[in-house]
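Right, one structure below, let's go through it.
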Amino acid sequence: MKLILSVGFFFLAFAPAAFCQTDSTYAFSPDVKITESGAYDGNSLYFYSTGQHYTAYRGDTVYVIWHEDRDNPYGSWILFAKSTDGGKTFGSNVYADVGWYPSMRVDSAGVIYLAYANGGDILFLKSANGGASFDPQVRVTDDTGAPAGAAAPALAVNNKGHIFVTWLDYRTDPYSVFAAASYDGGLTFTPNVQVSEPGTRGFPGDIGADESGRVYVAYHGTTGGQSGIVVARSEDSGQSFNFRVLASDTLWTAGTLSMAVVPGGLIGVAWEGTRLANNFLNYILHFLVSFDYGQTFSPSVRVDDDSDLTFNTAPFDPSLAYTNDIFYVAYMREDSPFGKQKIFFSYSLDSGKSFAPSVDVNANTTDPSNRWHDRPGLAVNEAGKTFVAWRDGRYTNQIEFIQLLFGAPGKFVRLLKGDLNLDEMLTPTDVVLEINAVFSGQSFPAPFRNADGNCSSTLTPADIVLLLNAVFLTSAFPC
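If you're matching positions, the sequence shown starts at 4 in our numbering and goes up one per residue.
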């Protein structure tokens with residue numbers, strides 16, 4: 004054996020060997036600022052996107068749309084930004100229109116479709132030049148006279164270029180869910196149709212469509228006298244919705260939801276719910292799946308994995324996506340005892356039967372306070388790389404509190420023993436993280452077992468020794 008380094012400990016070198024961990028996890032890069040507004044010039048306080056679909060990812064291009072109150076000039080702006088390097092950097096913000104509640108989809112050709120609310124109407128915009136500019140707005144709602152009021156649109160586009168929009172509409176009493184379609188690329192929209200059961204309240208959650216004329220709307224409402232998450236289906240490309248099924252367990256009170264529609268009849272719905280158990284409200288993020296075009300839904304499974312089921316760590320605001328046989332979901336989780344809200348991420352490899360342990364998207368945040376994050380928007384590209392955007396509250400100069408839009412790219416990474424920053428390499432940076440974890444209790448992005456070099460279930464100076472030998476002599480870990 005050979006003595007290689009001494010800083011209060013003896014570090015022993017062992018014969019080089021292959022690393023034993025070959026499985027993978029999901030990791031996110033440090034966050035990046037998307038909005039250009041500064042202190043007191045921008046405020047996304049009221050930002051909301053129905054279904055949480057305000058991001059898209061095609062190839063290496065990430066698209067983000069949001070609304071933000073700005074003071075110069077004053078107004079609630081619909082803004083757009085794009086990244087061409089996988090979400091590492093973003094270009095200038097592009098003004099699209101004045102409005103609220105934007106929902107966005109991007110097709111395989113890079114055409115951008117946008118629905119939003121303005122002046123009691125639902126409007127539509129399209130960009131065929133990658134977001135450099137947007138075509139003139141088109142009105143989706145068709146009520147006559149003064150608008151009765153419409154809000155919270157969600158938008159879907161199928162591979163035929165057909166566009167479908169659903170929204171909350173106040174033309175009925177009680178308020179209900181309406182929808183419309185466009186078969187000419189958004190130049191015109193069909194007469195509006197009511198989606199929710201007549202005479203019942205409905206609040207829209209999300210919309211999806213396939214290439215066979217089926218359109219699905221998931222919403223909070225009532226059907227057959229039972230309330231919860233209802234999924235309505237159209238068989239005629241959105242001209243009528245004559246089938247409704249109660250998808251959620253009626254024991255649960257449903258909150259915000261997000262849906263993914265997959266060719267072949269697969270439909271996933273992620274939703275936040277509460278249940279009274281042992282005289283306490285339990286807060287859980289659930290997932291439902293249908294394998295028969297929304298005819299029936301399986302019993303729900305849990306997505307989040309926090310042991311505290313109280314409001315202290317309640318999950319909210321799910322954003323769901325699907326690519327290459329994998330469901331992905333991002334969500335916000337409360338951390339009330341510490342006054343924080345953080346974004347988490349999980350995925351399912353078995354069509355929603357189970358979900359992987361949740362990953363902290365904000366683990367590599369550039370915000371020292373790491374305090375306030377919500378309203379995540381998730382997008383996944385063809386290779387399974389993700390981008391998550393969120394509303395981010397930060398202090399400037401320790402005094403001014405502003406709310407901006409941040410995001411972070413993520414991807415599957417191979418787990419290596421000793422790789423604490425999940426860059427798939429062993430470097431001195433990992434040693435620094437190990438030292439800080441052992442002596443200061445600081446956290447690191449990787450799973451605990453990556454840092455536990457001797458598999459003792461405790462981080463000690465011995466783990467630092469093993470990692471130093473691995474980094475500088477490519478020595479093997481004992482386990």
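Positions of the beta carbon are idealized from the N, C-alpha and C atoms, including for glycine.
**Prompt:** If you compare alpha carbons, which of Ile125, Gly62, Asn472 is closest to phenylalanine 167?
**Reply:** Ile125
**Message:** I'd like to confirm the pairing. Which residues does DSSP put opposite phenylalanine 246 in its beta bridges?
**Reply:** Arg236
**Message:** Using a Cβ distance threshold of 8 angstroms, determine whether the region 158-175 contacts the region 103-114, with at least three qualifying pairs required.
**Reply:** Yes, they touch.
**Asked** Under 7 angstroms between the Cβ atoms of leucine 291 and alanine 250?
**Response** Contact flag set, yes.
**Prompt:** Between the C-alpha atoms of leucine 462 and alanine 454, what's the straight-line distance to the nearest angstrom?
**Reply:** So the two alpha carbons sit approximately 7 angstroms from each other.
**Item:** DSSP-derived helix/strand/coil call for threonine 501
**Value:** Since the first and last residues shown for the chain are 4 and 482, residue 501 lies out of range.
**Message:** For serine 351, list the residues DSSP reports as bridge partners.
**Reply:** Phe330
**Prompt:** Roughly how many angstroms lie between the CA atoms of alanine 20 and phenylalanine 475, to the nearest whole one?
**Reply:** Note that alanine 20 has pLDDT 29, beneath the 50 cutoff, so the model's placement of it is unreliable and the number below is only indicative. Their Cα atoms are separated by approximately 13 angstroms.
**Item:** Beta-carbon proximity list for alanine 235, same chain, < 6 angstroms, skipping 5 on both sides
**Value:** Val198, Val220, Phe244, Arg247
**Asked** Tell me which same chain residues have a C-beta within less than 8 angstroms of the C-beta of arginine 378, skipping the five on either side of it?
**Response** Same-chain partners within the cutoff: Phe50, Tyr51, Ser52, Gln55, Asp320, Met335, Trp393, Arg394.
**Request:** Please go through the region 84-148 and give each complete alpha helix (DSSP H) segment of 4 or more residues, from N-terminal end onward.
**Result:** none
**Prompt:** When we look at the beta-carbon of threonine 299 and count the other beta-carbons within 10 Å, is it buried (16 or more) or exposed?
**Reply:** Threonine 299 should be labelled exposed.
**Prompt:** What is the DSSP secondary structure of arginine 452, counted as helix, strand or coil?
**Reply:** helix
**Item:** Separation of alanine 149 from serine 349, as counted between CA atoms
**Value:** 44 angstroms
**Prompt:** So what's phenylalanine 206 in DSSP terms, helix, strand or just coil?
**Reply:** DSSP places phenylalanine 206 in the strand class (E or B) of the three-state scheme.
**Request:** In the DSSP assignment, find the unbroken beta strand (DSSP E) run with asparagine 198 in it and report its ends.
**Result:** The sequence shown places valine at residue 198, rather than the asparagine named in the question. It is not in any beta strand (DSSP E) - valine 198 carries neither H nor E in the DSSP assignment.
**Prompt:** By Cβ distance below 6 angstroms, which residues in the same chain neighbour serine 32 in space, the five residues on each side in sequence not counted?
**Reply:** Ala411, Pro412
**Request:** Have a look at the DSSP bridge pairing and note the partners of glutamate 275.
**Result:** Leu288
**Message:** Helix, strand or coil, according to DSSP, for leucine 436 in the structure here?
**Reply:** helix
**Message:** For a test of the three-state rule: what should DSSP assign to serine 443, helix, strand or coil?
**Reply:** helix
**Request:** Just grab the DSSP bridge partners of methionine 262 for me.
**Result:** Val272
**Message:** Whole angstroms are fine: how far does the CA of phenylalanine 294 sit from the CA of glutamine 24?
**Reply:** In this predicted model, glutamine 24 has a pLDDT of only 35, less than 50, meaning its place in the structure is not dependable enough to derive any value.
**Request:** Determine the extent of the beta strand (DSSP E) in which aspartate 172 is found, giving its start and end residues.
**Result:** Aspartate 172 -> beta strand (DSSP E) spans 166-172.
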